[in-house]
DNA sequence: CAGTGGTCTAGACCACGCG
DNA sequence: GCGTGGTCTAGACCACTGC
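Protein chains in written order, with UniProt numbering: chain G, 1 to 258; chain R, 1 to 258.
Take a look at the structure:
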C-alpha cells in the first residue's frame, strides 16, 4: 500500500482511502478543495483530480459541481431480489413496502432483444410490458428500475395491461389469471456500466456501475410466464435472496432396524 | 447521444462506442494510437485519454502498456452460482468441471470481520477456511476467487481441513460428516471495486469492478453450516442461478374425480 | 460575487513490449 | 530503437452553487 514507487495519484488515493476507512474523514464530510489537496500533497491539480477519480469510481466519494467533494455514506441498503416465492406464497404481500412505486408504463410494446431471445420470439415481437421506478419513501432517492415482460397469451386482455399497482405479487396475479403454475426460474446476474437513461433515472454519479438481474419464470412445460428485470445502483445496495434448500429426494429411507 | 453541447470526451466516447457496437471495430481489433485518435478527432491527447478511460471503465476496450488499445471480447461467460442445491442432490457433481481448481489454502484461520459477524462470532475467531482460485482450463485466465468458511464444530478435525479437492459438492460432504441438513440459505449480491489482491489475482484492468456473492447456509435450527463467497470479474461474466419454485403449500388438493 | 469542480490544452518524461 | 500507453505538470477557461 505504502509503496513509494507507486504512482503519485495511487499513493494519494491510498492515503485518502485510509483516512476514510479509519473515520478521520467521516461520511458526509467535505474534503478540502482540490487546490488545497494539491498543496497538501504537493501534487499538481490534474494528478489530484486523477486520484479523486479513483475514489469516485470506488464509490467512496462524490463530487458536486460548484459545491465540493464529499465522503459518501458507505452503508449499503439491503434490497430484496424479486426472485423468491416462498414467503409470498404465504401472505401474498410485496416485499418492497418501504419503497414508493411509480408505474412508468403498462401495456403492449416491443420486446427488447434480450427479452425476445429468452422468450423465443422474434426481435421486436409484441409483449405486455410493465415498467416501474422505485424510490425510497423517506429520502425520495431512486433505488431501483424494474421491468416485467409477459407474453401476450399470458397477460393480454387482463388488468396487467393497465398502469395500476397490482393487488399482490405479480406471479400470484399471473397464476390466478392463467391457472398456470410458476415452476422453474433462472436468475441472471450482471454488473455493468449504466446506460445514459439509467444513469439519469438512478441519479448515478459518473463512473458508477449498476447491478442487473434478469429473472425468468417458466411453467411446468418450460413456457415462459414472465421475465422481470431489476437494475440497482451498484454502490448503494446489497441485494439479498433468502430461500429454502430442498431436501434430498433420493435419500434412502431409513432402515427400520437402525 | 450526438448532443453537440456534450463534452468532447463524451462525444468521442459515444462515437467509438457506436463503432464497436456496430462491428466496425470488431473484438480483438486494435484501435489507432492515441496520437492518431487525437488527430482524427482533433482533440488534445489528454482529452483523448479521458474518452478512452470511459470506455475502459465500461469494459469495452483494454489498453496494454507499450502495445496498444484493443476492443475487448464482449462475450460474457456464463458462470453458475454455488447457491443451488437441487441438481447436485441428484448426481453430486460439481458444476465447474470446465474450470481448473487451485486450492490456495485449507485449514484453520481467523474469520474475516464480515464472516464472523454472520456466524455470530467475535472478530478474528477461529474457523475452518478453504480458499481456491478457479481458472479457465483452455485459456488459463482467472475466472473466480472462492472461499468457504466453516465453523470449527462443523469441519474441525475432518478432511475438509486438508488442502485437497473434495470428492463431491462441499455441502454434501458437510451433511455426511455432521449428519445435519442444509435447510435455509441467504445469498448477498454486491458489485464493488476490487481489492488490490483481487485485481492482481483476477488480472483485472484498471477500473474494472467485481461481482461478489456471499452465500450463507444454515441447518433447521438456524445455525450456520457454511459461508461461501465468490468473486468474479464483473465485465466478463453473467452469473446464473437456476432453481425450482416451491408450489403453494395451501393449494387445495385436487378432487379425486377430476 | 467568490469558490468550487468540470473541461481542455500543450507540452514533458517514463515504462513497457517488440522487433 | 521505436512506437506504444502511463504518469505528471502548469496553466486556462467554463459551469455550477450559494451567499
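Note that the Cβ used here is the ideal one computed from N, Cα and C, for glycine as well.
C-alpha gap between residue i and residue j, whole angstroms
i: residue 181 of chain R; j: residue 219 of chain R; result: 5 Å
i: residue 224 of chain R; j: residue 149 of chain R; result: 10 Å
i: residue 217 of chain G; j: residue 244 of chain R; result: 10 Å
i: residue 56 of chain G; j: residue 212 of chain R; result: 20 Å
i: residue 111 of chain R; j: residue 230 of chain R; result: 16 Å
i: residue 71 of chain R; j: residue 159 of chain R; result: 46 Å
i: residue 93 of chain R; j: residue 21 of chain G; result: At residue 93 of chain R, the pLDDT of 46 sits below 50, so the modelled position is not reliable; the number obtained from the coordinates is stated separately. One C-alpha to the other measures close to 42 Å.
i: residue 319 of chain G; j: residue 45 of chain G; result: Given a span of 1 to 258 for chain G in the structure shown, any question on residue 319 of chain G remains unanswerable.
i: residue 226 of chain G; j: residue 155 of chain G; result: 9 Å
i: residue 28 of chain R; j: residue 36 of chain R; result: 19 Å
i: residue 19 of chain R; j: residue 196 of chain G; result: 17 Å
i: residue 38 of chain G; j: residue 12 of chain G; result: 10 Å
i: residue 9 of chain G; j: residue 183 of chain G; result: 52 Å
i: residue 170 of chain R; j: residue 152 of chain R; result: 15 Å
i: residue 7 of chain G; j: residue 141 of chain R; result: 27 Å
i: residue 179 of chain G; j: residue 172 of chain G; result: 10 Å
i: residue 126 of chain R; j: residue 30 of chain G; result: 39 Å
i: residue 136 of chain G; j: residue 16 of chain R; result: 36 Å
i: residue 74 of chain G; j: residue 117 of chain G; result: 38 Å
i: residue 14 of chain R; j: residue 200 of chain R; result: 30 Å
i: residue 131 of chain R; j: residue 161 of chain G; result: 49 Å
i: residue 203 of chain R; j: residue 176 of chain G; result: 49 Å
i: residue 206 of chain R; j: residue 247 of chain R; result: 46 Å
i: residue 109 of chain R; j: residue 101 of chain R; result: 21 Å
i: residue 194 of chain G; j: residue 185 of chain R; result: 30 Å
i: residue 228 of chain G; j: residue 61 of chain R; result: 30 Å
i: residue 263 of chain R; j: residue 114 of chain G; result: No information on residue 263 of chain R is available, as it lies outside the stretch 1 to 258 that chain R covers here.
i: residue 85 of chain G; j: residue 124 of chain G; result: 30 Å
Residue burial classification, residue i (beta-carbon count within 10 angstroms, cutoff 16)
i: residue 174 of chain R; result: buried
i: residue 215 of chain G; result: buried
i: residue 241 of chain R; result: buried
i: residue 58 of chain G; result: buried
i: residue 67 of chain R; result: exposed
i: residue 24 of chain G; result: exposed
i: residue 138 of chain G; result: exposed
i: residue 235 of chain G; result: buried
i: residue 208 of chain R; result: buried
i: residue 222 of chain G; result: exposed
i: residue 133 of chain G; result: buried
i: residue 64 of chain R; result: exposed
i: residue 106 of chain R; result: buried
i: residue 91 of chain G; result: Only weak support exists for where residue 91 of chain G lies, its pLDDT of 46 falling under 50; the coordinates are left without a value.
i: residue 144 of chain G; result: buried
i: residue 42 of chain G; result: exposed
i: residue 146 of chain G; result: buried
i: residue 312 of chain R; result: Here chain R covers residues 1 to 258 and nothing more, so residue 312 of chain R does not appear.
i: residue 26 of chain G; result: exposed
Any C-beta of chain G under 9 Å from that of residue i
i: residue 184 of chain R; result: yes
i: residue 205 of chain R; result: no
i: residue 120 of chain R; result: no
i: residue 149 of chain R; result: no
i: residue 246 of chain R; result: yes
i: residue 211 of chain R; result: yes
i: residue 46 of chain R; result: yes
is_contact[residue i, chain R] using C-beta, thresh 9 Å
i: residue 38 of chain G; result: no
i: residue 176 of chain G; result: no
i: residue 192 of chain G; result: yes
i: residue 77 of chain G; result: no
i: residue 240 of chain G; result: yes
i: residue 63 of chain G; result: no
i: residue 85 of chain G; result: yes
i: residue 237 of chain G; result: yes
i: residue 9 of chain G; result: no
i: residue 234 of chain G; result: yes
i: residue 228 of chain G; result: no
Can you list, in chain order, the stretches of the beta strand (DSSP E) that have 3 or more residues and sit fully within the segment 112-168 of chain R? The qualifying runs are 126-136 and 142-150.
Can you give, in chain order, each stretch of the beta strand (DSSP E) that sits fully within the segment 201-257 of chain G and has at least 3 residues? Counting only runs of at least 3 residues, the segment 201-257 of chain G fully encloses the following beta strand (DSSP E) elements, listed from N- to C-terminal order: 210-218, 224-233 and 237-244.
At least three beta-carbon pairs within less than 8 Å, the segment 189-209 of chain G to the segment 158-176 of chain G: They do not touch, by the three-pair rule.
If we require 3 or more residues per run, which beta strand (DSSP E) segments fall completely within the UniProt domain "HTH gntR-type" (6-74) of chain R? Runs found: 61-64 and 68-71.
For the segment 165-193 of chain G, which segments carrying the beta strand (DSSP E) assignment without a break, of at least 3 residues, lie completely within its bounds, in sequence order? Within the segment 165-193 of chain G, the beta strand (DSSP E) runs of at least 3 residues that lie entirely inside it are, in chain order, 184-192.
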